[in-house]
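Here the sequence shown is numbered in my numbering, starting from 8 and rising by one per residue.
Reading through the C-alpha cells given below for one structure.
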Amino acid sequence: MNDLELQESLREIERQGLCRNLRLTEGPQSREITMNGQKVLNFCSNNYLGLADHPQLRLAAIRAIEAEGVGSGASRLVCGHMRAHQKLEARLAGFKGTPSALVFSTGYMANVGILASICERGDIIFSDRLNHASIVDGSLLSQAVFKRYPHKDMATLEEWLKSAGGFRRRLIVTDSVFSMDGDIAPLDQIVELAQRYDAMVMVDEAHAFGVLGQHGKGAVEHFHLEGKVDIQMGTLSKAAGVFGAYCCGSSELIQFLVNRARSFIYTTAMPPAIAAAATAAIDLLEREPQRRENLWKNSVYVRTELQRMGFSTLESQTPIIPLIVKDSQKAVEFSQRLLESGIFVQAIRPPTVPNNTARLRVTVMATHTKEDLDCLLGAIRTVGKHLCLI
Ligand SMILES: *Cc1c(COP(=O)(O)O)cnc(C)c1O
8 MNDLELQESL REIERQGLCR NLRLTEGPQS REITMNGQKV LNFCSNNYLG LADHPQLRLA
68 AIRAIEAEGV GSGASRLVCG HMRAHQKLEA RLAGFKGTPS ALVFSTGYMA NVGILASICE
128 RGDIIFSDRL NHASIVDGSL LSQAVFKRYP HKDMATLEEW LKSAGGFRRR LIVTDSVFSM
188 DGDIAPLDQI VELAQRYDAM VMVDEAHAFG VLGQHGKGAV EHFHLEGKVD IQMGTLSKAA
248 GVFGAYCCGS SELIQFLVNR ARSFIYTTAM PPAIAAAATA AIDLLEREPQ RRENLWKNSV
308 YVRTELQRMG FSTLESQTPI IPLIVKDSQK AVEFSQRLLE SGIFVQAIRP PTVPNNTARL
368 RVTVMATHTK EDLDCLLGAI RTVGKHLCLI
C-alpha cells in the first residue's frame, strides 16, 4: 500500500471507531502510573504481582549488567548463550518440575517457534477460538491444517478429534487463562480427550504463570496435570514482571526446539540482565505466596462488586475482569471518562475481541489497596450510570 492507500485505510479504521494510538506513561510500572503529568491508578497492566519495579529484580538486573554487560552479542547458538540464560532455564525447569526448559525472547516468538517446528504439513492443530494471536500465527506458519473450535466447546473438539484419525499428528493448543475474557480453559477435559484420541497438548500459560495453582506454576498445577501436558509455554513478562518466555517439557522437546525453532535460532539472545531479573522473579514467586493471595482476594472483590452493579463480566475467574460494553465507541468513552477521574482502564475493541463485545478490560494487581479498588468501583458506577449502562 502506498501513502494514499494507507490514509484511506486509516480513515476507514477511524470511521469504525477502531483507531488505536500509543499512550505515554512516565516512570515505573506499578499500581499507580503517571500519564500526561497526572497520577492515575493503573487497572490495565499484566504486572499482576507488582514485580515489574521490585527492588530485588532491579538489583538482579544491575548485578548482571556489571558481571555480563548489556548486550548478548549473538544468538544463543552462536556465542550468546551466557550464564544468566543457563541459570534461568535451570530455575524454570526446577520450578515447573519438568526435565528441561528453553527461554525465548518473547511469548509471541515462543508460540510461533514452537508451533511452526513441532507441527508440519500432514498434521492437524485444534485451537480454541479465543487463543492468542501468536498461536494463530504459529499454527498458520506450520502448514498443518488449522481448526479453531468454539470457545471451550469440548463436544465440538471431541467430534473433530474423532474424525481426525487420518492425520499424522493431532495437537490441541489452548491458552490456560484467556487474555481478554479472564476465564480458565478446561485443561483437565482437554487432556482426557487428548489421551482418548491420541493427540498432543500444548498450553499457553501467559496469564497463569505466577497466578494459578498453589505455587503459581500455572493451570497444569491448578488441575494437577503434572506430567500429562506435552508442551508448557508461558511468559516472563506478565506476573513475573520482566520480559521473555519459556517452553518447559521433555529434554527431547527442548533439544528439538534448539535445532528447529526459527524464532529461537535466528534471533539475538535475550540480554543477560533480563534473564537474571526473571530468575529473581521466580525466587519471589516462591518466597512470597502472599502476593498471589492478595491478587486473588482483590480479584474476587472487584468481580463480585461489578456483577452486583449489573455488569456482565462473562465467565471471568481470574484477575482479568472484562466489563462488557458492546459498542466500541461507548467503550472508548467509558475509558476516557474513567481516566478523567484518575482511573486507567483500557477499552478493548474488535478485532482483538469478537464484534459487538467491546469491553473495558480491568486487571487487578496484588499491590492494589482496598482504597484503590473502591476508587475504581466508585468511578465505574458513576460513569456506567452516566452512559446508561446500569
Ligand atoms: C501476552 C501473551 C503472549 C505473548 O507474550 P509476549 O511475551 O508479550 O510476547 C502469548 N500468549 C498469550 C496468551 C498472551 O497473553
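Note that beta-carbon positions come from the ideal geometry of N, C-alpha and C, so glycine has one too.
The structure presented is a predicted model; accordingly, all values stated were derived computationally and were not measured.
Exercise. Among Ala280, Asn54, Glu39, which has the Cα closest to the Cα of His214?
Worked result: On the sequence shown, residue 214 is found 207 positions in, with the first residue counted as 1. The shortest C-alpha separation from His214 is found at Asn54.
Problem set entry | Candidates Glu228, Gly391, Gln221, Ile289, of which the one nearest Val249 by Cα | As a working note, residue 249 is residue 242 in the sequence shown. The option with the nearest alpha carbon to Val249 is Ile289.
For this session: Would you identify the three-state DSSP class for Tyr156, choosing helix, strand or coil?
Result: The residue given as residue 156 occupies position 149 in the sequence shown. Here Tyr156 sits in strand by DSSP.
Exercise. Start and end of the beta strand (DSSP E) containing Ile474?
Worked result: Within the shown structure, residues of the chain are numbered from 8 to 397, placing residue 474 beyond reach of any answer.
Problem set entry | Whether Ser124 touches Met277 by CB criterion (9 Å) | Sequence index remark: in the sequence shown, residue 124 carries index 117 (1-based). Sequence index remark: in the sequence shown, residue 277 carries index 270 (1-based). Not closer than 9 Å, so no.
Exercise. Should Ala252 and Thr113 be called a contact, given that it needs their Cβ atoms to be closer than 9 Å?
Worked result: What you label residue 252 is simply residue 245 of the sequence shown in a count that begins at 1. What you label residue 113 is simply residue 106 of the sequence shown in a count that begins at 1. Cβ distance < 9 Å, so Ala252 and Thr113 count as in contact.
Problem set entry | Secondary structure of Pro296, DSSP reduced to three states | As a working mapping, residue 296 is identified with position 289 in the sequence shown. Helix, per DSSP.
For this session: Could you check if Lys333 is buried or exposed, using at least 16 other CB atoms within 10 Å of its CB as the buried criterion?
Result: Taking the first residue of the sequence shown as 1, we reach residue 333 at position 326. Counting Cβ neighbours within 10 Å, Lys333 comes out exposed, since fewer than 16 surround it.
Exercise. What does a CB cutoff of less than 8 Å around Leu148 pick up in its chain, not counting 5 residues either side in sequence?
Worked result: Here residue 148 corresponds to residue number 141 of the sequence shown, with the count starting at 1. Excluding positions up to five away in sequence, the list reads Val119, Leu122, Ala123.
For this session: Report yes or no: do three or more beta-carbon pairs, one from the region 97-112 and one from the region 251-271, lie closer than 8 Å?
Result: yes
Exercise. Going by the CB atoms, is the gap between Thr370 and Cys126 shorter than 9 Å?
Worked result: Along the sequence shown, read from residue 1 onward, the residue named residue 126 stands at position 119. Along the sequence shown, read from residue 1 onward, the residue named residue 370 stands at position 363. Against a cut-off of 9 Å, the Cβ pair of Thr370 and Cys126 comes out as no contact.
For this session: Run through the region 220-268 for me and flag every whole alpha helix (DSSP H) of 4 or more residues, listed as ranges in chain order.
Result: 226-229, 258-267
For this session: Can you give me the start and stop residues for the alpha helix (DSSP H) that Thr389 sits inside?
Result: Your numbering for residue 389 matches position 382 in the sequence shown. Start and end: 377-393.
Exercise. Which residues have their C-beta within less than 6 Å of a heavy atom of ligand 1, listed in chain order?
Worked result: Thr113, Gly114, Tyr115, Asn118, His139, Ser141, Asp182, Ser186, Asp211, Ala213, His214, Thr242, Ser244, Ala252
Exercise. Looking only at DSSP bridge pairs, what is Glu33 linked to?
Worked result: Here residue 33 refers to the residue found at position 26 when the sequence shown is read from its first residue. Per DSSP, Thr41.
Exercise. Okay, do the region 28-46 and the region 335-352 touch, 3+ Cβ pairs below 8 Å being the bar?
Worked result: yes
Problem set entry | the region 83-96 in contact with the region 278-286 per 3-pair CB rule at 8 Å | yes
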